[in-house]
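**Q** Have a look at this one.
The following block contains the structure:
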């Protein structure tokens with residue numbers, strides 16, 4: 158461990174955490190630290206104070222409400238994937254959360270951390286986007302609630318103020334005849350960062366046509382993004398080869414990726430279309446109640 | 223220039239023993255376990271959570287000790303490889319790893335055993351695929367995993383028989 | 023606990039069984055001490071400052087501020103090392119590799135090292151050392167390095183083995199060349215001729231344990247060194263040379279080794295630890311971080327190859343012209359020579375020319391990696407043979423059988439093969455359930471073979487019989503994959519005693535005689551042989567002692583199942599324990615040593631078969647079924663033979679599909695982590711089925727050939743061949759990653 162010039166604080170209330178964050182400019186909140194520790198080890202960043210959110214009850218509590226769930230932002234993702242009610246209702250989001258690293262990582266990683274680390278490739282983010290998850294943010298000026306899509310602004314960057322952090326997420330239960338899915342492409346079967354990720358939430362009408370569609374991509378632009386053209390290609394139409402081809406084309410067109418060690422621009426664009434198509438198909442099958450198998 | 227902060231005292235339970243140690247705030251639990259507490263069975267293969275060699279159980283859940291800040295251990299119940307066996311007998315996983323030659327160099331073995339224990343405690347009858355994914359966070363470069371997977375299957379069977 | 027039941031070999035009670043390994047208990051309970059696990063009283067920790075540049079001149083190193091940092095005990099730079107002027111070129115390169123002098127030649131090249139009271143303090147101080155560089159242009163590939171006007175790494179490097187010798191320095195360190203017959207005649211006789219080019223990337227051995235060393239130097243000029251290595255004698259000798267010491271002044275003690283695969287046969291940290299300890303006057307521990315392992319320790323070579331091969335319609339290979347250039351890294355010494363020697367060793371080819379070049383580039387110096395060089399040339403040759411099989415519509419096994427090397431055939435590198443088992447590996451695959459079952463719908467099946475020499479070399483064993491009749495077997499061979507089990511089995515077999523009564527031990531450099539590295543698949547063969555010979559000396563001695571006890575001729579005593587027996591049956595047999603208890607009255611302690619430069623290694627062959635599926639929309643390959651057949655000569659502990667076979671295959675699968683060094687344009691490594699250097703994980707793989715072929719090596723008392731290496735030779739070509747059959751895409755560049763394969767599929771679709 159390179160950096161040992163750090164203090165550690167484990168507040169037990171949101172207010173205490175906000176106060177500590179406000180008081181020390183180089184303070185940093187964390188949940189599972191699965192991204193933070195490797196970053197510190199690599200020499201960036203070097204926080205002066207580490208604020209552990211896991212001893213704040215609200216940050217680690219999962220509550221089922223009348224309309225859905227409230228999930229503490231620091232809750233280990235394994236708690237979500239192991240919750241049969243959550244996982245059967247939101248299989249795509251549960252599976253996306255379950256793809257954040259190994260079992261070892263799963264017992265530490267969190268939706269809040271995955272989002273605020275602001276990697277374009279974060280697996281849970283496209284799945285949160287298609288479920289239109291909202292983040293409850295606490296800070297010196299009180300609490301505000303905003304869409305998850307408004308949090309990340311670019312690689313490693315968020316819209317949160319220096320004294321703000323995400324306390325919890327509000328997740329709506331899906332409407333009837335709705336399914337979600339998240340698929341990603343990695344070179345191995347585990348332990349990789351997504352080269353491309355695609356999430357979908359599909360609502361079917363009584364005829365089996367698409368009544369509503371939300372499609373999002375990860376790792377193909379500075380932030381995860383919703384693909385309105387792909388959604389428009391589906392709504393009011395049956396899910397068939399033609400509409401899926403339109404989804405794929407719209408998804409590929411929406412990409413603004415980079416060439417890097419994990420994939421090329423051309424690869425990401427092409428496979429974004431493939432995964433968007435497959436995610437839509439899986440989500441639609443789930444909406445129709447015919448398929449529940451997603452990630453491995 | 224920065225100067226080191228004062229270390230903090232961390233109290234926790236390790237392998238059944240109430241333990242106190244002095245933690246560097248920004249140091250990892252892995253460093254504390256190995257260098258301060260002397261539990262060198264917990265291995266460092268990468269320091270970034272990619273190899274699983276430092277797998278330990280915290281509150282019965284498998285995690286990488288390299289991805290935990292040492293002060294986070296306050297109040298925690300921790301089990302390392304040194305605490306897997308009972309005084310007079312090995313854990314069934316340790317037996318089947320030995321009998322099935324599921325180790326070659328052995329440096330990844332402690333991590334595999336802890337991850338496999340976490341799996342079998344949760345799922346006493348896993349499929350081969352479930353075992354492979356549950357152990358995907360543990361890298362082994364010697365065995366090709368074949369004998370490791372079989373040893374976990376054998377241990378699961380033995381534990382079910384003795385349950 | 024029970025042992026896995028295994029039918030024993032007729033005539034053997036222990037050899038061929040699967041007892042629990044002697045070091046196993048310590049390894050499943052966390053007690054085993056690996057390189058980084060040693061903590062000495064008063065020990066300090068070290069950190070190494072490494073170059074961020076691929077190629078630069080060092081203008082100055084200012085350690086003044088760093089020396090004032092908290093906890094700092096000592097700092098060393100190249101100035102602390104003896105000059106290299108009088109060293110042999112190889113030693114000088116080694117010395118400069120471990121610590122840069124006037125230039126840095128690769129990212130990660132050590133520039134200074136610090137010892138401090140904690141690792142964090144050492145790292146902070148290392149960061150405070152100010153190095154000024156003049157950046158120099160760098161070369162990263164053989165093509166760049168061999169180009170006219172390329173930046174030169176070493177001003178004094180003249181290509182060896184070229185006649186006449188070049189007059190100017192270049193990045194080409196040497197040339198390997200083998201030829202036989204007449205190429206033109208060979209190609210003229212062919213019915214089909216194909217020409218292809220192949221490239222491979224540097225790949226790392228990927229052992230899970232990072233390099234580590236602990237040193238304790240004394241004022242008397244001696245030093246104690248604890249090393250995690252494949253050969254502590256070599257570590258000691260290399261360290262001594264680099265530091266200008268006599269080798270015997272260093273006592274090297276082996277730690278358990280957490281994987282090596284060839285990569286831990288050379289020095290990196292050891293001389294730094296000895297020097298820092300001398301300067302700090304305290305024991306020093308130095309351990310690499312994972313990124314240091316990737317940046318600064320041995321991958322094996324990236325390569326560029328061109329091959330032309332001709333074949334008759336009856337399957338006879340008529341000619342082969344192979345050209346190869348291998349990256350050596352920053353100093354000469356790629357395995358292109360071995361790649362040249364092994365390339366065609368599976369086959370009896372009348373006309374060939376093989377030319378290989380060893381080329382320096384601004385990357386870490388390559389280190390040995392499991393059958394060094396052979397997997398690279400085999401990727402070219404075995405891919406080409408599969409294409410030829412398709413070209414003449416012949417079964418790939420029948421084609422290989424038609425050309426297979428066998429006893430009496432002259433190997434391409436010179437010697438005539440004694441009894442070898444290549445054909446038996448082909449037949450084993452041909453007769454396997456895997457090969458006889460149809461290729462599943464949507465999958466492709468590929469096959470490839472491989473050769474590795476295996477070696478003998480210097481080994482020493484001391485065997486002691488304790489007063490209770492139990493046995494210690496002491497050798498100098500670090501146990502990297504279960505060899506202690508084999509040593510115990512040999513001794514148990516020779517003495518006719520329970521294997522649990524044998525305790526193997528790996529001794530330090532002061533305690534046992536000079537022993538070569540654990541490498542070349544030599545330990546079970548060579549160290550095994552000296553163990554057997556030492557045991558036989560003792561058995562002879564035991565018979566003499568029994569004769570003395572019975573007052574008879576030694577010819578009247580025979581050793582049967584752990585007992586001395588009088589041939590007449592008139593005396594009660596004396597057990598090993600009986601004789602040991604009376605040792606004081608029959609000649610004193612029972613002990614024997616055998617030392618030998620063991621010759622007569624038996625060549626190893628492997629043939630492998632893979633079924634795989636390709637996702638044509640993403641380019642992702644899934645390995646569905648894998649069978650490997652390998653000639654072990656004799657499997658002493660079959661579980662560890664299978665383990666070597668399986669481990670080699672899976673390293674090959676990683677090499678084939680995803681592993682590669684990815685360098686940025688500035689010459690720095692973009693993926694020095696297990697996150698992005700993607701070795702296979704458990705969920706990537708099926709079970710790896712093994713067929714252990716046993717064609718005994720006539721030169722070994724138990725027929726051992728050595729099994730550690732050849733398993734990694736065939737997989738890359740086997741997988742390329744299977745991908746070709748699954749997709750009609752012939753992949754000529756490794757790795758065959760999803761990105762690369764999808765690009766090939768797109769090109770195929772465009773045609």
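Protein chains in written order, with this note's numbering: chain A, 158 to 453; chain B, 223 to 385; chain C, 23 to 773. Backbone N, C-alpha and C fix where the C-beta goes; we use that ideal spot for every residue, glycine too.
#1: Would you be able to state if there are at least three C-beta pairs under 8 Å between the segment 239 to 253 of chain C and the segment 265 to 280 of chain C?
#2: Could you name the residues of the same chain whose beta carbon sits closer than 6 Å to that of residue 525 (chain C), not counting the 5 residues immediately before and after it, in chain order?
#3: Which residues in chain B sit within 7 Å of residue 348 (chain A), going by Cβ to Cβ distance?
#4: To which residues does DSSP link residue 234 (chain B) through a beta bridge?
#5: Along the chain, where does the alpha helix (DSSP H) that runs through residue 767 (chain C) open and close?
#6: For residue 318 (chain B), name the three-state secondary structure that DSSP assigns.
#7: Can you check DSSP and say which residues form a bridge with residue 637 (chain C)?
#8: Excluding the five sequence neighbours on either side, which residues of its own chain have a C-beta within less than 7 Å of the C-beta of residue 446 (chain A), listed in chain order?
#9: When we look at the beta-carbon of residue 248 (chain A) and count the other beta-carbons within 10 Å, is it buried (16 or more) or exposed?
#10: So, for residue 393 (chain C): in the same chain, excluding its five sequence neighbours on each side, which residues have a beta-carbon less than 7 Å away from its beta-carbon?
#11: At the 8 Å Cβ level, is residue 343 (chain B) part of the contact set with chain C, yes or no?
#12: Using a Cβ-Cβ cut-off of 6 Å (strictly less than) and excluding sequence neighbours within five positions of residue 209 (chain A), which residues of its own chain qualify?
#13: Going along the chain, which residues of its own chain have a beta-carbon closer than 6 Å to the beta-carbon of residue 347 (chain C), five neighbours each way excluded?
#14: Which whole runs of the beta strand (DSSP E) in the segment 198 to 271 of chain C are 3 residues long or more, in chain order?
#15: Just list the residues that DSSP pairs residue 221 (chain A) with in beta bridges.
#16: Relative to the C-alpha of residue 555 (chain C), which candidate in C:617, C:507 and C:543 has its C-alpha closest?
#17: Quick one: which unbroken beta strand (DSSP E) runs of 3-plus residues sit fully inside the segment 358 to 407 of chain A? Chain order, please.
#18: May I ask you to report which of helix, strand or coil DSSP gives residue 590 (chain C)?
#19: Nearest-angstrom Cα distance between residue 198 (chain A) and residue 314 (chain C)?
#20: Does the separation of the CB atoms of residue 330 (chain B) and residue 230 (chain C) fall below 8 Å?
#21: DSSP puts residue 330 (chain C) in a beta bridge; with which residues?
#22: Please check if any C-beta of chain B sits within less than 8 Å of the C-beta of residue 668 (chain C).
#23: List, from N- to C-terminal side, the alpha helix (DSSP H) runs of 4 residues or more that fit wholly inside the segment 279 to 341 of chain B.
#24: Measure from the C-beta of residue 367 (chain B) to each C-beta in chain A and report whether the shortest distance is under 8 Å.
#25: Below 9 Å on C-beta distance, what does residue 56 (chain C) contact in chain B?
#26: Going along chain A, which residues have a C-beta under 7 Å from residue 163 (chain C)?
#27: I need the DSSP call for residue 115 (chain C), collapsed to helix, strand or coil.
#28: Whole angstroms is fine: what's the gap from residue 492 (chain C)'s alpha carbon to residue 40 (chain C)'s?
#29: Going by CA-CA distance only, name the one from C:181, C:318 and C:281 that's closest to residue 73 (chain C).
#30: Compare the Cα-Cα distances from residue 96 (chain C) to each of C:186, C:305, C:182 and C:192 and report the closest residue.
#31: Using alpha carbons as the reference points, say which of C:767, C:598, C:427 and C:739 lies closest to residue 372 (chain C).
#32: Look at the Cβ atom of residue 640 (chain C), then the Cβ atom of residue 745 (chain C), and state whether they are nearer than 8 Å.
#33: Would you give the residue range spanned by the alpha helix (DSSP H) that residue 245 (chain A) belongs to?
#34: What ranges does the alpha helix (DSSP H) occupy inside the segment 385 to 421 of chain C, keeping only unbroken runs of at least 4 residues that lie completely in it?
#35: State the Cα-Cα distance for the pair residue 774 (chain C) and residue 383 (chain B), rounded to the nearest angstrom.
#36: Output the distance between the C-alpha atoms of residue 61 (chain C) and residue 517 (chain C), rounded to the nearest integer angstrom.
**A** In brief:
#1: yes
#2: Position 503 of the third chain, counted from the first residue, corresponds to residue 525 (chain C). 494, listed in sequence order.
#3: Here the question's residue 348 (chain A) lines up with position 191 in the first chain. Neighbours of residue 348 (chain A) on chain B, chain order: 272, 358 and 359.
#4: As a position in the second chain, residue 234 (chain B) is number 12, starting the count at 1. DSSP, once it has assigned bridges, lists B:241 as partnering residue 234 (chain B).
#5: Taking the third chain and counting its residues from 1, the one referred to as residue 767 (chain C) is at position 745. Its alpha helix (DSSP H) spans residues 760 to 772.
#6: By 1-based counting over the second chain, the position of residue 318 (chain B) is 96. In the structure shown, residue 318 (chain B) sits in a helix (DSSP, three-state: H, G or I).
#7: Here the question's residue 637 (chain C) lines up with position 615 in the third chain. Paired residue(s): C:642.
#8: Taking the first residue of the first chain as 1, we reach residue 446 (chain A) at position 289. Correct list: empty, nothing qualifies.
#9: Start at 1 with the first residue of the first chain, and residue 248 (chain A) comes out as number 91. Flag for residue 248 (chain A) reads buried.
#10: Counting from 1 along the third chain, the entry for residue 393 (chain C) is found at position 371. Excluding residues within five positions, the ones whose Cβ falls inside 7 Å are 474, 731, 732, 734 and 735.
#11: Numbered from 1 along the second chain, position 121 holds the residue referred to as residue 343 (chain B). No, no contact with chain C.
#12: Here residue 209 (chain A) corresponds to residue number 52 of the first chain, with the count starting at 1. For residue 209 (chain A), where only same-chain residues beyond five positions count, the Cβ hits under 6 Å are 167.
#13: Within the third chain, the letter at position 325 stands for residue 347 (chain C). Around residue 347 (chain C): 164, 326, 379 and 381.
#14: Runs of the beta strand (DSSP E) inside the segment 198 to 271 of chain C: 214 to 222, 234 to 239 and 245 to 249.
#15: In the first chain, counting from the first residue as 1, residue 221 (chain A) sits at position 64. BP columns for residue 221 (chain A) point to A:226.
#16: Position 533 of the third chain, counting from 1, holds the residue named residue 555 (chain C). Ranked by how close their Cα comes to the Cα of residue 555 (chain C), the residues C:617, C:507 and C:543 have C:617 in first place.
#17: 367 to 375
#18: Start at 1 with the first residue of the third chain, and residue 590 (chain C) comes out as number 568. Coil.
#19: Residue mapping note: residue 198 (chain A) aligns to position 41 of the first chain, counting from 1. Residue mapping note: residue 314 (chain C) aligns to position 292 of the third chain, counting from 1. Whole-angstrom Cα-Cα distance: 13 Å.
#20: For the purposes of this step, residue 330 (chain B) is taken as the residue at position 108 of the second chain. For the purposes of this step, residue 230 (chain C) is taken as the residue at position 208 of the third chain. Cβ distance < 8 Å, so residue 330 (chain B) and residue 230 (chain C) count as in contact.
#21: Looking up residue 330 (chain C) in the third chain gives position 308. DSSP, once it has assigned bridges, lists C:217 and C:343 as partnering residue 330 (chain C).
#22: Taking the third chain and counting its residues from 1, one reaches residue 668 (chain C) at position 646. Taking Cβ atoms only, chain B reaches closer than 8 Å to residue 668 (chain C), which makes this a yes.
#23: 314 to 321
#24: Locating residue 367 (chain B) in the second chain gives position 145, where the first residue counts as 1. Answer no: the Cβ-Cβ gap between residue 367 (chain B) and chain A never drops below 8 Å.
#25: Your numbering for residue 56 (chain C) matches position 34 in the third chain. Here the neighbours are 262, 265, 327, 328 and 329.
#26: For the purposes of this step, residue 163 (chain C) is identified with residue 141 of the third chain, where counting begins at 1. None at all; the shortest Cβ gap to chain A is about 17 Å.
#27: Mapped onto the third chain, residue 115 (chain C) falls at position 93. In this structure, residue 115 (chain C) counts as helix in the three-state DSSP scheme.
#28: In the third chain, the residue the question calls residue 492 (chain C) occupies position 470. In the third chain, the residue the question calls residue 40 (chain C) occupies position 18. Rounded to the nearest angstrom, the two C-alpha atoms are 20 Å apart.
#29: For the purposes of this step, residue 73 (chain C) is taken as the residue at position 51 of the third chain. Comparing Cα-Cα distances from residue 73 (chain C) to each of C:181, C:318 and C:281, the minimum goes to C:318.
#30: Residue numbering aside, residue 96 (chain C) sits at position 74 when the third chain is read from its first letter. Checked all of C:186, C:305, C:182 and C:192; the closest Cα to residue 96 (chain C) is C:305.
#31: If you number the third chain from 1, residue 372 (chain C) lands on position 350. Here the closest residue by C-alpha is C:427.
#32: Counted from its first residue, the third chain places residue 640 (chain C) at position 618. Counted from its first residue, the third chain places residue 745 (chain C) at position 723. Their beta carbons are not under 8 Å apart, which means residue 640 (chain C) does not touch residue 745 (chain C) by this criterion.
#33: Your numbering for residue 245 (chain A) matches position 88 in the first chain. That run of the alpha helix (DSSP H) goes 241 to 246.
#34: You should have 396 to 413.
#35: Absent from the model: residue 774 (chain C). The displayed extent of chain C is 23 to 773, so no value can be given.
#36: By one-based count along the third chain, residue 61 (chain C) stands at place 39. By one-based count along the third chain, residue 517 (chain C) stands at place 495. Approximately 39 Å, taken between the alpha carbons.
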